[in-house]
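As structure tokens, the structure follows; a few thoughts come after it.
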Amino acid sequence: MKFLILSTFVFILGLFNPLTAYASHIDLSPCIKVSHCVKEEWDVKNIDEPLSEIQIIIGNTPRTTIVEMDGDYIHAEVKSRLMKYIDDLEVTYLQDKNQIIIRSESRVGDGDFGVNRKRIDSLKNALFKLET
């Protein structure tokens with residue numbers, strides 16, 4: 309009887325206070341509308357700690373706020389300069405493949421005037437400058 313009560317208590321405690329779990333990586337959604345979304349995969353085998361490096365680069369990018377970090381995943385929000393629209397920037401690191409997958413997408417509208425492509429290219433250039 310004591311065992312039943314104790315196991316019930318532990319079960320209920322686990323429901324209200326789950327153990328913290330960190331994602332090993334998060335699969336990023338595909339780009340449905342390529343007119344306002346860019347997704348790329350980068351080989352980063354020559355860069356030490358690529359996720360830390362890209363976190364620093366994103367953190368130093370104007371109007372960009374990191375809103376979530378979970379294991380090998382970063383989610384940032386980027387506010388447009390004039391209209392103050394929010395774009396989502398997501399990065400996941402596949403350590404076993406030495407690969408970064410990055411995705412930038414506008415939340416509203418059918419086009420982005422190439423802003424997401426420029427953002428991805430700018431991050432890529434900054435990250436791979438560290439390689440040399």
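All the letters of the sequence shown, read from the start, carry residue numbers 309 to 440 under the working numbering. Just so you know, even glycine gets a beta-carbon here, dropped at the ideal spot from N, CA and C. No experiment lies behind these values; they were computed from the predicted model shown.
Within the same chain, 431, 434, 435 come within 7 Å of residue 365 by CB-CB distance, once the 5 residues on both sides are set aside. Within the DSSP secondary-structure output, residue 357 pairs in no beta bridge.
The C-beta of residue 413 has 16 or more other C-beta atoms within 10 Å across all chains shown, which makes the residue buried. An exposed status is given to residue 390, since fewer than 16 other beta-carbon atoms sit within 10 Å of its beta-carbon.
Look at residue 414 here: in three-state DSSP terms it is strand. Residue 424 is classed as buried because its beta carbon has at least 16 other beta carbons within 10 Å across all chains shown.
The Cβ-Cβ distance between residue 346 and residue 409 does not fall below 7 Å.
For the pair residue 386 and residue 372, the CB atoms are nearer than the 7 Å cut-off. Of the candidates 348, 419, 406, 377, 419 places its Cα closest to the Cα of residue 393. Residue 406 is positioned such that its CB atom lies closer than 7 Å to that of residue 352.
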